[in-house]
Structure formats: structure tokens, C-alpha cells
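To start, the structure under review is shown below, and the notes come after it.
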Amino acid sequence: MTPDDVTLGLLAGGRAARLGGTDKAWLVRDGVPQVLRWQRRFAAEVAEVLVGANRDLPRYAQAGLRAVPDRVAGQPGPVAGLDALAAACATPWLLTLPVDLVGVNECLLPTLASAGRHGAYAVDDDGVQPLVALWDTSALRDAAARALVAGEYAVQALQAGLGMAAVRLPGVRFGNLNTPADLAAAGIEPPR
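Once you know that position 153 of the sequence shown is 153 in the UniProt record's numbering, the rest is easy, because the numbers rise by one and skip nothing.
Below, the structure written as C-alpha cells:
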């Protein structure tokens, strides 16, 4: 798999209820907004970066990012974001990450890519991380659209239906930025 085969899809369409609705894509850590941190981190490994986002779309364009809103508005959970990213993706593979991750291991993409021909998702020391995943874009495009029509919103059920492999990453903890305590632990000033 070469960078031309992969698009990075950052999931940034959540409501961030535990953070008072703060847009986690633009939380600044060490002087860099989360969305730009992941764009830079994977720049050499992917052909394009897409951001699944449902608000403040011009801000992404100003940062040189292509934002993709949900095609089916108002759906619970991330399946609508996966559907939008898959529909916009022009490469055979889509690597997805929640924009609020604290960190990833250096060999994430090659490890997921080596796990099987149907794609894979990560299992870190905190458990299953279904949104840290490498998807067969065509298969995801069809499956996510069907799931939304059927009202099926469980990402792990979607992955099971696609035959994706679970990849255990011992010693790895991605972490995330869901609460004020998470922000404090990551050295992020709470939004005003």
C-alpha cells in the first residue's frame, strides 16, 4: 500500500456534549489545533485528508482542509460521518481517526494495512477503538449507506459485517479529549 492508496478521514462531526459543545477539531495543544496535528502527522502517508464535520465549514477551507458534512443529517453516532467520508473518498482505502485522539503509535497505518484484505481496526490498552480503522472504501461506502437506511448505528456491527480484523496494539493508549479532566491532562486550556 502506498500513500496514493489511502485517504485520512478525520471524524470531527460530534457534538462534544461533555465539553459544552466545544469544537474539538480546533482545540489547541502545544500550539497546534487537533485537526492540523493529525493532518501534519499523516501527510507523508496519505494522498488526501478529509474532515467529517458538520459546523464551521469555512474554517476548514481557510486551513486548506476539505470538510465533508454528513449526507444524512441528525443521525446518532459516527456512522453518518463514516458514510460522508466514504462517499467523498477517491482512494481505495480510508484511514479514520477521531479528531480528539491524544496520540497514535508511529506504525499505525502499516500495522492496520498488514492485518487483512478487508480492513482492520485498532485495539489499544483501553480496549476496542473502532474509529481508529483502515476501511476498504468501496465496501464502507455501500455498508454505511445501508446501515443508515436501516437505522443501524453501531460501528462494531458495521465492521463485523465487513469482515474487518481487530489489531491488538500492546503498550499503546490513544487517549481522547472528552472531558475537562482530559483537556487538563493533555495540557489544553479549557475553551472559554
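Glycine is no exception: its CB is placed at the ideal position from the N, C-alpha and C atoms. Since this is a predicted model, take the numbers as computed values, not measurements.
Test item: CB-CB of residue i and residue j under 8 Å
| i | j | result |
| --- | --- | --- |
| residue 51 | residue 25 | yes |
| residue 148 | residue 72 | yes |
| residue 188 | residue 29 | yes |
| residue 49 | residue 97 | no |
| residue 56 | residue 100 | no |
Cβ neighbour criterion (16 or more within 10 Å) applied to residue i
| i | result |
| --- | --- |
| residue 179 | exposed |
| residue 144 | buried |
Top-ranked residue by Cα proximity to residue i, from the options
| i | options | result |
| --- | --- | --- |
| residue 70 | 3, 161, 86, 58 | 86 |
| residue 161 | 177, 142, 168 | 142 |
| residue 36 | 171, 169, 187, 59 | 59 |
| residue 167 | 63, 56, 130 | 130 |
| residue 204 | 132, 177, 2, 79 | Residue coverage of the chain in this structure runs from 1 to 192, which leaves residue 204 outside it and unanswerable. |
| residue 92 | 113, 104, 137, 79 | 137 |
For residue i, the three-state DSSP class (helix, strand or coil)
| i | result |
| --- | --- |
| residue 53 | coil |
| residue 154 | coil |
| residue 100 | coil |
| residue 130 | strand |
Rounded separation between residue i and residue j - CA only
| i | j | result |
| --- | --- | --- |
| residue 146 | residue 173 | 32 Å |
| residue 123 | residue 94 | 18 Å |
| residue 169 | residue 125 | 7 Å |
| residue 45 | residue 107 | 11 Å |
| residue 61 | residue 53 | 12 Å |
| residue 152 | residue 185 | 34 Å |
| residue 75 | residue 115 | 30 Å |
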